[in-house]
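If you're matching positions, the sequence shown starts at 125 in the working numbering and goes up one per residue.
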Amino acid sequence: MLQKFIVSLLLIAGMFDGIAQKISYKVAFPNAVHHEAKISLTVTGIAQKTAVFKMSRSSPGRYATHEFGKNVYDVIASDLQGNKLTIQRIDGDVFEVSDHKGAITVTYTLFANHADGTYAGIDPESIHFNMPAAFMWIKGYDRVPIEISFDLPAENKGIVATQLFPTDRPHTFTAPGLQYFMDSPTKIGDLIIREWKVSNADGKSYTIRIALEADASNEQVDELTEKTKKIVAEAKAVFGEYPVYETGRYTFIMSANSYVQGDGMEHRNSTMISQPTATFNPAFLYGVTSHEFFHNWNVERIRPKTLEPFNFEKSNMSHELWFAEGFTQYYGELLLARAGINSPQRFIGTVNSLVNTKTNSPGAVYYSPVDASNHAVFVDASVSIDKNNYGNMFTSYYTYGAAIALALDLELQTEFGKTLDDYMKVMWKNHGKQEIPYTLSTMQQNLAAISNPIFADKFFKKYITGHEPINYAALLAKAGYIVKKSNEGKAVSGLNLKTNERDSKLVIASTTTRGTAAYEAGLDINDEILQIDETPMKTPADVNNYMLNKKPGDIVKVTYKHRGKEKTTSLTLKENSSLSIVDISTTGQTITNDMKKIRDSWFTSKTNL
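If you want it as structure tokens, here you go:
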């Protein structure tokens with residue numbers, strides 16, 4: 125009986141705590157002209173004796189650390205009556221309040237002058253917030269509902285673009301918890317709004333919205349809107365339906381002006397796109413728009429378990445960014461081709477680049493897509509000052525993953541009569557729609573479901589956890605394209621040279637690349653080239669001219685200085701390995717029906733637009 129009574133008391137206490145707990149932000153801009161905001165965070169119903177407040181070290185869609193706490197200062201704490209509380213800074217971005225009565229207001233100054241898809245920017249006319257870069261939070265209260273209100277500068281037009289939930293009060297919004305709040309970029313200012321309705325497979329209607337900060341004409345905005353409509357429709361056609369937008373709409377928050385930095389960042393019901401440009405051109409936005417909107421499905425809802433839940437206190441390592449970002453990169457270009465925004469020739473130009481990425485970049489030749497994904501914690505806009513060896517051990521998971529997507533698309537079409545769309549659909553059905561995080565193992569199982577287990581097992585072992593070469597020549601031949609060497613018979617040394625302005629010395633400008641003649645000869649960055657064979661070398665042009673009559677396999681003697689000591693080495697020239705793609709129709713050959721079928725999968729719209 126006593127046990128039941130205690131349980132009842134605990135339930136009542138839990139209910140009371142749930143009601144009492146509240147998180148609210150108030151944001152004012154008394155010094156916006158100098159890029160400052162005054163932010164107060166009030167939390168009630170705090171159960172812990174010591175309350176811990178933090179600034180984030182990472183941001184949704186970013187995988188490295190970014191140390192947002194560096195731009196927070198003048199931090200003070202008080203109770204609800206305004207009485208000062210002691211707040212201690214125990215780490216660069218961590219503050220503690222130990223003596224409190226369950227309710228604390230923390231107030232601080234934020235400096236923000238880097239408006240892009242990750243950071244924040246404050247100006248009287250334009251408020252640009254990516255939430256982790258701006259808002260402190262209390263540890264342990266991730267599921268407590270959040271309210272935020274903005275007291276805007278007089279110069280601000282007050283047009284808001286956000287995926288936060290609106291209220292009946294001006295410039296006041298809510299979020300169901302920390303994860304959603306931090307995933308909700310917010311732009312406030314003089315925004316141009318365009319919107320349209322889309323119908324989903326279940327009969328529900330959603331609003332797609334463009335909120336544009338740009339000096340653009342009506343005609344330019346109309347063009348952007350019409351092209352974006354096509355991109356949106358083509359993306360939906362891949363999966364057969366739109367995701368559920370909890371606020372009833374999806375917002376493209378776009379900034380295209382000289383006051384922002386270049387970036388694009390996906391979010392659950394919105395995207396933050398920033399394009400630095402002095403003159404507005406809607407065409408500059410199509411590529412990033414296509415990529416970011418595809419993230420609606422791939423990574424926002426078709427989400428790897430390694431990123432769930434997102435940890436704001438550290439970098440977030442994932443094994444699957446080759447898929448989350450790389451396949452999205454592939455579809456970003458593919459949707460533009462299907463929508464008729466980009467030409468087939470331009471898409472094949474992208475294919476050419478992907479083939480060279482996998483075939484010729486050391487990071488893709490010697491390391492797997494999983495390896496590349498794991499390294500994102502160091503390269504995703506992360507900052508460091510020491511030299512790295514990325515040219516020899518890292519290839520971007522964006523382009524590497526897109527190269528894998530190309531190969532899988534062609535394999536599925538030629539071996540199983542499917543396309544990559546079928547794989548994306550099954551990933552959506554089994555993971556995205558149900559919001560069940562996936563793993564490498566379940567990805568392989570889904571591939572097996574539309575092909576067969578043997579193929580899926582081999583593909584993952586060879587090309588995902590492994591790094592075997594891909595025979596793009598054979599794959600693309602089935603689409604009617606020839607892969608050939610761009611500079612067959614041309615010798616290359618692998619030397620990237622520059623003449624120092626300071627002393628006119630001819631030096632190697634960068635780390636030499638694995639597999640090149642220079643690398644194998646033991647030459648590397650900062651070595652000074654004196655002569656080749658018996659010919660003195662003073663400029664990069666001297667070396668290039670000397671190599672014009674050389675052939676692959678020729679051996680030249682290089683005299684150089686390493687750390688001031690003169691040395692010699694033998695350099696065996698290699699053939700230029702760059703590849704190009706040729707349409708067989710330009711050689712007089714006939715495009716077969718099977719080839720046309722693959723091309724149609726790339727270049728034909730999948731919508732009724």
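Idealized CB from N, CA, C, for every residue including glycine.
Buried versus exposed, by CB contacts within 10 Å (16 or more), GLU559: exposed
Outcome for PHE540 when other beta-carbon atoms lying within 10 angstroms are tallied against a minimum of 16: exposed
Contact under 9 Å by Cβ, MET671 with VAL616: yes
Closest residue to PRO428 among GLY185, ILE163, THR483 and ILE708 (Cα-Cα distance): GLY185
Rounded Cβ spacing between THR395 and PHE376 (contact assumed at less than 8 Å): 6 Å
Span of the alpha helix (DSSP H) around MET719: 717 to 727
Chain-order list of residues whose beta-carbon lies under 6 Å from that of ASN466 (same chain, five-residue window excluded): LEU460
Assigned secondary structure, PHE289 (DSSP; H/G/I helix, E/B strand, else coil): strand
Local Cβ density within 10 Å of GLY264, reported as buried at 16 or more and exposed below that: exposed
One or two residues paired with PRO428 in a DSSP bridge: TYR562
The region 694 to 701 in contact with the region 578 to 592 per 3-pair CB rule at 8 Å: no
Assigned secondary structure, MET306 (DSSP; H/G/I helix, E/B strand, else coil): helix
Cβ-based neighbour list, PRO277, same chain, cut-off 6 Å, excluding 5 preceding and 5 following: PHE153, ALA156 and PRO248
Given 8 Å, three or more beta-carbon pairs between the region 470 to 488 and the region 533 to 551: no
Beta strand (DSSP E) segment containing GLY618, residue limits: From DSSP, GLY618 is part of no beta strand (DSSP E); its letter is neither H nor E.
Same chain, Cβ closer than 6 Å to PRO664, neighbours up to 5 away in sequence not counted: LEU621
First through last residue of the alpha helix (DSSP H) which encompasses SER702: No alpha helix (DSSP H) contains SER702, which DSSP labels as neither H nor E.
Residues of its chain near SER439, where Cβ-Cβ distance is below 7 Å and the 5 sequence neighbours each way are ignored: SER182, TYR187, ALA188, THR189 and VAL501
Sequence-distant residues of its chain with Cβ nearer than 6 Å to VAL494 (five each side left out): HIS443 and THR589
Length of the line joining the Cα atoms of ASP627 and ILE679: 29 Å
Proximity below 9 Å, CB of THR291 to CB of SER308: no
Every unbroken alpha helix (DSSP H) within the region 603 to 667, with a cutoff of 4 residues, ordered by chain: 641 to 644
Every unbroken beta strand (DSSP E) inside the region 363 to 433 [3 residues or more]: 373 to 381, 387 to 390 and 394 to 400
Strand pairing of SER250, partner residues [DSSP]: ASP247 and GLY313
Where the beta strand (DSSP E) containing LYS150 begins and where it ends: 146 to 152
PHE177 in three-state terms, based on DSSP: strand
Three-way DSSP call (helix, strand, coil) for VAL507 in this model: coil
Closest residue to ARG462 among GLN399, THR352, LYS542 and ILE606 (Cα-Cα distance): THR352
Ordered list of beta strand (DSSP E) runs contained in the region 176 to 229, each at least 3 residues: 196 to 202, 212 to 215 and 218 to 221
Three-way DSSP call (helix, strand, coil) for SER575 in this model: coil
ARG748, enclosing alpha helix (DSSP H) - first and last residue: Lying outside 125 to 733, the shown extent of the chain, residue 748 is not represented and no answer is given.
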